[in-house]
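Report on the following structure.
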Amino acid sequence: MEIIRETGVEMNMTNSKSNMLTIVLSGHPVKVSQAKRGILAELQQQETVRIQVPHEFHGYLIGRRGDRLRELQAHTMTRISVPPANSADPDSITVTGSKQGIAEAKRIITETIERQSQQGFERLDIPKIYHPFLLGPNGQLLDNLRQRTLTKINFPPPNIPANIITVSGKREGVLQASEEMRAIYEQVKLYKTIPVRVKRSQHRLVFGPRGSGLADILAQTGVSVELPTDDTSEELILRGRPEDLGRALSMVYERAESSITEEIPAPNRFHKLLIGKRGSALAELREGYERVHVEFPDNQDKITVEGPPEEVGVIVERLRARIAELEATVAMDTLRVDPKYFRHIIGRQGATILRLREHKVQIRLPTLERGDNLAADQIVIEGDPVGVEKAKAEIRQLVERLENEKCKDMIIEPRVQQLLCTGYKGAPPPIRTIYDGFPKVSFVWPDFHQSDETIGSVNHDNPSKSVVQLRGDRQQVDAAAERLVKLIKQVIEENYRQEIRLFKEFRPHIFGRGSSRLQRLLDDTKTRIQYPNPSDGSDVFTIIGREENVQQAIKQLEDLQKQLANVKEVIVSIPSALTTKFVGDQAPSLRSICEQCSGVHMRFLNPRQKNPRNTNQVEVVMLGPPDELAKAQKLLDQLNAKVAQLCAEELVHVDPKFHGFLIGRQGSNIIRFRERHNVELLFPDRMETDPKLSMEIRIVGTKDGVTAAKADLEALIKTIEDEVENSVAVDPSILRDILNYRRSFTYPDLERVRVIMPKTIGRSSEENPGVQGESTVIKLIGQKACVEAATQALQSLISDVKEQVTKEFPLSDPSQFIVLDRARSQFREMERNHRVFINLPRTMPNAQSDTSTSAVFSACLLITGRPEQVDLVFEEDIKPILPVEEEFPLAKEFHRSLITVPTTERERPKRGAPRGRPQSDSLDEMASSEGLSKATELKQKHGVLIRLPPQATDTNCVFLRGTPGQINAAKADLTEWVEQCEALKADRIARSYELTVHVPTRFIQSIIALRQKLTAAHDVAMRFGADLPPVSSVPDGSEQLLVNGSAHPEDPAEDGEIEPSPEQSIHTPDKAPVPDEERLSTVIFRGYQERVAAAKEELEAAIAKLKSQVTEALCIPAEVHSILIGSRGSAIQKVMQEFSVHVEFPNRQARESGDADTVLVSGDQENVDRACDFLIAKANDLIVRLDSENRNTRQKQYREELLPANGTLPKPSDHLRA
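Sequential numbering from -4 applies to the sequence shown in the numbering used here.
Given below as structure tokens:
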């Protein structure tokens, strides 16, 4: 399954009757081939060997990100395990796979080691001031040394203050290059130095393009010139032989004075034309004179030319001729335009300004950026003279049209807006007549797509839904507004609505067949009917039309209904307060009475005409059956009795022009007023034509609440009735900053009044002495309360401008600049929240400099505003997103585990691995459950980067890089991981206890048979060590078991690792052969101490049992051993099972020593005798068979050798005689 998951192929397996396994693979040809090799390798017999490879060569085997190791495993179809640096035996590499794969992998590993062992590496600590002598002019000496020695030599970059030089390559070449560089260093460190003072501006001339000046001096004189690292220093250091310093000094002065500087007056507006697109125009001017440097200072009317004297004059003449040409062909003019028209000049998505640029002109508007000297109302037009005049005329025409344009807001209820914009029965909407009559007027309608309930009610809580804007020609806007007022009045009159209840049992008689009767009634009264929603089950219909027509239709319908049923009509008077929401929340409403009394219908009796607004009573008409009508009248009387206790009502007269201020933006003022006094404010209809009624505001609520609300409202009205003017004196130098603040931040109090700014914003009083008083005063005009609030807001704004400071926050790392650059979209919100300005360079500063040999990244974030706000926005909004680097204590032994990707799980568990615990004692297995290293997991989870200290340093910490919040979260994760590592380390030490047992070598095969049982029963690892001297060398001369136990926390062997075969661990001394009875071998147990002791006891019991058995030595010719053993030992296994004995044939060492015919049979005496008889008989039969076969073969060969050419055999006597 692992192969299928890695290659992504499909596999189908079938098993035939003949036990033939067929595997079918399908997929990409490359993947199928890879899966085929993997399956064939898995089906072959797996072996494991250990190869000793020095730890310093492991990196070459692994490769970059493990690519080389994976390629080697795929090529040889093996699994290669490279131990970590902190393991007990870091030089031992384990290879698992087939014999061919292991051999191939071993060959490749050996070749890699041999190739890399010939490589050398050297570090030279030579002061940086002597590096130019080692590099040579333009690096020629270094290139020559590299070619001769075939090595790689790396010098630190010039901008890094480091001294280490690294040399790598073949060992002989590395030694030669190192010796030559040390010899040069020993020679040049005796050189003398002299300081030279040269103007700072001339340092780049000495340095030359890309350091060519320093290289020329070094090549011609052998003297090194060191430029100062301090920006204020003018001192150069010359280093070399005394006899060469004078000539080098002359060359320094010659290069420093090889250039002159000349300034040319040129208007700043011509600079970009002289430079051209991507510097093309300037490159054309400098053609043939590339050594001349031309500089265009910002916001200055001059050009600086620097270079050799003979070439500077030519470039100056070219520039002057080009400037004269531009003055004759490029015109510039300015216009004064109110900034409020700028967006119209730009147009939607820049359409207008792009059309103006078709006249071959450039139009520049004032910006808020620093260095812009344009006034706030100044527009610059530059380009072709004819095009400038055309563009200027078009802009003036557009501004005149905009100045003559008028914008007027009209208050129209959302319900009325819907009536205006909706037709009836195919007729065009009423507003169409105004559209056709005033085509130059545009209407901006609010979004009134709301629910029916909201549209049908007067929406005081959101007045913005009632504002319709008219924009266009001044005269047409006024005429359209007047016409719209009449149309609104007409539409309201034609859409008067009144409800009537029609009982279901009488509807067929009232409507007639096909509703013909009802339709005739509606046509006669010029009204229309709105049916109830069928899903509601209501029987209330709505009649729509003019009020008198609606009353006439309702009267006819009621009369018709009275004729069909016993329905009575009663007219009662109720307090007008019952119609308010305030009472409706605490007492039964009129609608609820109708619902309680079946068949009762209520309607108002012409409330608009017959009941003046100043009365407190409203007449209601009730229709219905007599019994239910009496019940409804009784409930209404109870409601009238309680109305005096529930609420009171007061009238306050206010000019309608102040209603909007009292309501506030989106009803904010009226909502606060209601919450404060617990009353209801009822404003008059916006389309009310009666001046007296339009001034009435009703206050409904509890008596105490109404009294307090009336006093509060009257006090508020008194403060806003008079419009006042106030002037605020300001410093002329901060007028532009005040305008900048107003554009950037929201000041609601200033928007409620008219703010008149001085006309000369950005000009000093010295330039305009005649308007000094006007330029220092800002006027505020509006209602008294609004002006007072606006004055406080303006004074607060001026205080912010006066106290603003610009603080620089240095960015010490390029990553901080990158993070802030990506967060530019959030700057605007930060600026609004804290009223500050945040400025970050658009591009990353260039860290390299022509005049300095060392450079450090340097950038600053500029924040302008009040000091406390600047600090607050940096600490709360900016600092939390800046990446920082912090130390985290971590033992060095865990560093590799932090970055190591865990290897894939082995195919089968290791023998003897403790149950319930990780099969490997390597800390790498804890890195991640998904095949990721812990460092990668933290990066993906928390966005934190982890940097390890150099291996040469003995530092027990790592460095975490990220934002403070990310680092804190990563620290918590790392702390938990370290605790797990410590626990795993303690467990590994506990199970690394080893116990050595010396056993007779003749029992090795029996012990190998018991190995699996012992390791599985006691959860220990078992392996064989080296042989010991014969038992006769022991002082007491007796044969015994020798035991030695110890705990090795850093043991080189891994848990469960067993040497491939005991033959590799059993060695025969170079002396005379020793009998098996006297030879000893070593068995090593590894695991927990108590389990190792139990395994040792069981092994001792098994050896004691083996010693009690007898061993018979049989002399059987080696030629028949393979036949007795059978295929894969099947024949001899049957013999051993049948007779319960152990049969041991001689190994390779015994065959080489000449004891190749001895076969040992061990077991009980009786079983051994029977097995020996059987083996001897079997061997005799095999020997006889082999002799007969050999005799026939020899006779045939003899006959072939003696056969003559004629084909006749000679007589035997002749042959014997010959």
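Backbone N, C-alpha and C define an ideal beta-carbon position, used for all residues, glycine too.
May I have the straight-line CA-CA distance separating residue i from residue j, to the nearest angstrom?
{"i": "Leu269", "j": "Thr256", "result": "19 Å"}
{"i": "Gly860", "j": "Gln790", "result": "15 Å"}
{"i": "Gly669", "j": "Val375", "result": "According to the sequence displayed, residue 669 carries Arg and not Gly. In a straight line, the C-alpha of Arg669 is about 54 Å away from that of Val375."}
{"i": "Glu51", "j": "Leu955", "result": "27 Å"}
{"i": "Thr958", "j": "Thr89", "result": "42 Å"}
{"i": "Arg234", "j": "Ala210", "result": "14 Å"}
{"i": "Val381", "j": "Asp328", "result": "12 Å"}
Are residue i and residue j touching if we call contact CB-CB under 7 Å?
{"i": "Thr324", "j": "Glu258", "result": "no"}
{"i": "Leu734", "j": "Ala370", "result": "no"}
{"i": "Val201", "j": "Gly208", "result": "yes"}
{"i": "Asn544", "j": "Thr522", "result": "yes"}
{"i": "Glu1107", "j": "Val1156", "result": "yes"}
{"i": "Val1138", "j": "Ile1127", "result": "yes"}
{"i": "Thr146", "j": "Gly164", "result": "yes"}
{"i": "Lys26", "j": "Val4", "result": "yes"}
{"i": "Gln493", "j": "Ile566", "result": "no"}
{"i": "Glu229", "j": "Arg192", "result": "yes"}
{"i": "Leu646", "j": "Glu691", "result": "yes"}
{"i": "Thr71", "j": "Glu99", "result": "yes"}
{"i": "Val356", "j": "Ala388", "result": "no"}
{"i": "Pro303", "j": "Arg286", "result": "yes"}
With 16 as the cutoff for other CB atoms within 10 Å, does residue i come out buried or exposed?
{"i": "Cys1110", "result": "exposed"}
{"i": "Ser722", "result": "exposed"}
{"i": "Lys1091", "result": "buried"}
{"i": "Glu279", "result": "exposed"}
{"i": "Ser461", "result": "buried"}
{"i": "Asp120", "result": "exposed"}
{"i": "Phe265", "result": "buried"}
Using a Cβ-Cβ cut-off of 8 Å (strictly less than) and excluding sequence neighbours within five positions of residue i, which residues of its own chain qualify?
{"i": "Lys435", "result": "Gly467, Asp468 and Gln471"}
{"i": "Ile1171", "result": "Leu1109 and Ile1111"}
{"i": "Ala1097", "result": "Ser1001, Ile1002 and Leu1005"}
{"i": "Arg819", "result": "Leu835"}
Under three-state DSSP, which class holds residue i?
{"i": "Ala1089", "result": "helix"}
{"i": "Val1154", "result": "strand"}
{"i": "Cys1110", "result": "strand"}
{"i": "Leu877", "result": "coil"}
{"i": "Ala1048", "result": "Residue confidence for Ala1048 is low, a pLDDT of 40 falling below 50, so the modelled location carries little weight; the figure read from the coordinates is stated next. Residue state, collapsed to three classes: coil."}
{"i": "Lys521", "result": "coil"}
{"i": "Ile341", "result": "helix"}
{"i": "Met1131", "result": "helix"}
{"i": "Met8", "result": "strand"}
{"i": "Pro620", "result": "coil"}
{"i": "Met405", "result": "strand"}
{"i": "Gln961", "result": "helix"}
{"i": "Lys1102", "result": "helix"}
{"i": "Met72", "result": "coil"}
{"i": "Gln1289", "result": "Because the chain here runs from -4 to 1213, residue 1289 falls outside it and cannot be looked at."}
{"i": "Phe128", "result": "helix"}
{"i": "Glu590", "result": "helix"}
If I measure Cβ to Cβ from residue i and keep anything under 6 Å in the same chain, skipping five residues before and after, which residues do I get?
{"i": "Leu745", "result": "Ala785 and Ala788"}
{"i": "Lys802", "result": "Ile858 and Val865"}
{"i": "Arg671", "result": "none"}
{"i": "Thr2", "result": "Lys26, Gln29 and Ala30"}
{"i": "Gly168", "result": "Thr144, Leu145 and Thr146"}
For chain D, find out if any of its Cβ atoms is closer than 7 Å to the Cβ of residue i; answer yes or no.
{"i": "Pro303", "result": "No chain D is part of this structure, which consists of one protein chain only."}
Only counting the same chain, and skipping five residues up and downstream in sequence, which positions put a Cβ closer than 7 Å to that of residue i?
{"i": "Gly58", "result": "Leu64"}
Got a sec: does the ligand NAD put a non-hydrogen atom nearer than 6 Å to the Cβ of residue i?
{"i": "Asn154", "result": "In the structure shown, the ligand NAD is absent, as is every other ligand, since no ligand is present at all."}
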